[in-house]
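Colleague: Please find one structure pasted underneath; my questions will follow.
There are 2 protein chains.
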Amino acid sequence: MENRTGPSAGAPARLDSAGVDPNTLRGHLDALILAVVEHEPRHGYAIIEALQERSGGALDLPTGTVYPALRRLERAGFVASEWDVVGGRRRRTYRLTRAGRAELADQRSSWLEFTRAIGQVLNPRPQGA
Amino acid sequence: MENRTGPSAGAPARLDSAGVDPNTLRGHLDALILAVVEHEPRHGYAIIEALQERSGGALDLPTGTVYPALRRLERAGFVASEWDVVGGRRRRTYRLTRAGRAELADQRSSWLEFTRAIGQVLNPRPQGA
DNA sequence: ACACTACATGTAGATTCGCTATATGTAGAG
DNA sequence: CTCTACATATAGCGAATCTACATGTAGTGT
């Protein structure tokens with residue numbers, strides 16, 4: 001879609017290459033976060049970095065997006081956090097809970113269905129091909 | 001994610017089978033609509049039906065979603081509409097414009113990038129596999 | 001000492017799109 | 001008449017993402 005001004009701008013300044021439109025990110029972010037803490041706990045800043053690296057730079061997310069999402073996930077019981085001091089700085093580390101693990105599995109399944117449904121409409125296969 | 005009350009409920013009553021979460025639909029709807037009018041003009045109600053059929057029932061969208069989207073698309077110049085009377089009823093038919101065709105191509109490209117980025121984070125491929 | 005960058009966390013408020021709820025009207029069947 | 005199907009429309013709500021802004025520590029360079 002076309003660019004728009006405001007927080008949901010289609011191509012904000014931070015997405016300098018082929019970034020993901022924030023509108024399309026909606027509904028997926030929580031699962032993405034669960035995925036990057038699946039195998040080891042990480043603190044917020046490291047989660048932001050992991051999202052960027054694993055997506056090849058397409059997911060370069062503002063802290064204003066990620067931190068409230070972590071709040072939501074913890075409130076929902078999908079992650080649990082604890083505070084540490086590392087090198088003189090406080091750090092809040094998040095680990096996946098059992099419920100979070102189940103939720104991630106569920107979200108992966110939903111992702112498959114989502115991509116199937118959208119993909120079928122957006123790129124219909126020719127009949128009889 | 002968990003169900004929520006209000007218009008953005010995760011699993012509204014109308015999604016009785018494997019439906020698409022409205023949060024994840026966001027940002028994709030316009031492209032979906034452009035896709036179903038790509039090869040022939042359709043009126044609003046027929047667009048809703050086509051979306052449902054082509055998605056295998058996963059996209060069962062309320063009129064309150066689709067009609068404002070058609071408004072947006074027409075305002076943006078991606079579709080053009082005209083009124084007819086069919087069988088004694090008025091009907092508003094939408095056709096894809098040249099700009100809309102270009103936009104649809106752009107959106108298809110964005111979809112590929114989007115699925116790549118999200119898929120890579122959500123389901124990382126094992127290293128050295 | 002100061003300025004700057006990196007690391008690390010947090011949040012108020014604006015924007016936007018999808019939904020619910022609601023409305024209007026015609027045609028056809030029972 | 002009632003009900004369903006067809007067909008269109010829109011006000012207002014909710015919530016997630018972003019921008020903008022804030023705080024603080026550590027390390028480097030001048």
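In order, the protein sequence lines correspond to chains A and B.
Counting from 1, position 22 in the first sequence corresponds to residue 22 in the UniProt record's numbering; the numbering is continuous, with no gaps.
Counting from 1, position 19 in the second sequence corresponds to residue 19 in the UniProt record's numbering; the numbering is continuous, with no gaps.
Think of the CB as a built atom: it goes at the ideal place given N, C-alpha and C, for glycine as much as any other residue.
In this text, all values refer to a predicted model and were calculated from it rather than measured experimentally.
Is there a Cβ of chain B sitting closer than 7 Å to that of residue 28 (chain A), yes or no?
Modeller: Here residue 28 (chain A) is taken as the residue at index 28 of the first sequence, counted from 1. So, interface residue.
Colleague: Could one say the Cβ of residue 63 (chain B) lies closer than 7 Å to chain A's Cβ atoms, at least one of them?
Modeller: Along the second sequence, read from residue 1 onward, the residue named residue 63 (chain B) stands at position 63. Cβ-Cβ to chain A under 7 Å: no for residue 63 (chain B).
Colleague: Under 8 Å: do the stretch 73-82 of chain B and the stretch 30-45 of chain B share three or more Cβ pairs, one atom per stretch?
Modeller: Touching, yes.
Colleague: Hey, is the stretch 58-71 of chain B in contact with the stretch 37-47 of chain B, meaning 3+ C-beta pairs nearer than 8 Å?
Modeller: These segments touch.
Colleague: What are the boundary residues of the beta strand (DSSP E) that includes residue 84 (chain A)?
Modeller: Within the first sequence, the letter at position 84 stands for residue 84 (chain A). 79-86 is the extent of the beta strand (DSSP E) around residue 84 (chain A).
Colleague: Is residue 58 (chain B) close to chain A? Criterion is C-beta to C-beta, closer than 7 Å.
Modeller: As a first step, residue 58 (chain B) must be located in the second sequence, where it is residue number 58. So yes, residue 58 (chain B) belongs to the interface.
Colleague: Does the Cβ-Cβ distance between residue 117 (chain B) and residue 95 (chain B) come in under 7 Å?
Modeller: Taking the second sequence and counting its residues from 1, one reaches residue 117 (chain B) at position 117. Taking the second sequence and counting its residues from 1, one reaches residue 95 (chain B) at position 95. The answer is no: Cβ separation not under 7 Å.
Colleague: Any Cβ of chain A within less than 7 Å of the Cβ of residue 121 (chain B)?
Modeller: By one-based count along the second sequence, residue 121 (chain B) stands at place 121. It does; some Cβ of chain A falls within 7 Å.
Colleague: Can you tell me which of the three DSSP states residue 97 (chain B) falls into?
Modeller: Looking up residue 97 (chain B) in the second sequence gives position 97. Of the three classes helix, strand and coil, the one that applies to residue 97 (chain B) here is coil, per DSSP.
Colleague: For residue 54 (chain A) and residue 69 (chain B), I'd like the C-alpha separation in whole angstroms.
Modeller: For the purposes of this step, residue 54 (chain A) is taken as the residue at position 54 of the first sequence. For the purposes of this step, residue 69 (chain B) is taken as the residue at position 69 of the second sequence. For residue 54 (chain A) and residue 69 (chain B), the distance between alpha carbons rounds to 33 Å.
Colleague: Under DSSP, the alpha helix (DSSP H) around residue 36 (chain A) begins and ends at which residues?
Modeller: By 1-based counting over the first sequence, the position of residue 36 (chain A) is 36. Residue 36 (chain A) -> alpha helix (DSSP H) spans 29-36.
Colleague: Considering only residues of the same chain and omitting the five flanking positions on each side of residue 6 (chain A), which have a CB-CB separation below 7 Å?
Modeller: Taking the first sequence and counting its residues from 1, the one referred to as residue 6 (chain A) is at position 6. With a pLDDT of only 37 at residue 6 (chain A), under 50, the local geometry of the prediction cannot be trusted, and no value is derived from it.
Colleague: Identify each residue in the stretch 85-100 of chain B for which the Cβ-Cβ distance to at least one residue of chain A is less than 7 Å, and report them in chain order.
Modeller: Per Cβ criterion, the list is empty.
Colleague: Should residue 23 (chain B) and residue 27 (chain A) be called a contact, given that it needs their Cβ atoms to be closer than 7 Å?
Modeller: Mapped onto the second sequence, residue 23 (chain B) falls at position 23. Mapped onto the first sequence, residue 27 (chain A) falls at position 27. Contact flag set, yes.
Colleague: What are the residues that DSSP puts in a beta bridge with residue 54 (chain A)?
Modeller: Numbered from its first residue, the first sequence carries residue 54 (chain A) at position 54. In DSSP, residue 54 (chain A) forms no bridge with anything.
Colleague: Just the Cα atoms here: how many angstroms apart are residue 84 (chain B) and residue 120 (chain A)?
Modeller: Along the second sequence, read from residue 1 onward, the residue named residue 84 (chain B) stands at position 84. Along the first sequence, read from residue 1 onward, the residue named residue 120 (chain A) stands at position 120. Going from the Cα of residue 84 (chain B) to the Cα of residue 120 (chain A) covers about 30 Å.
Colleague: Any C-beta of chain B within less than 8 Å: which residues of the stretch 100-114 of chain A qualify?
Modeller: Answer in chain order: 103, 107, 108, 110, 111, 113 and 114.
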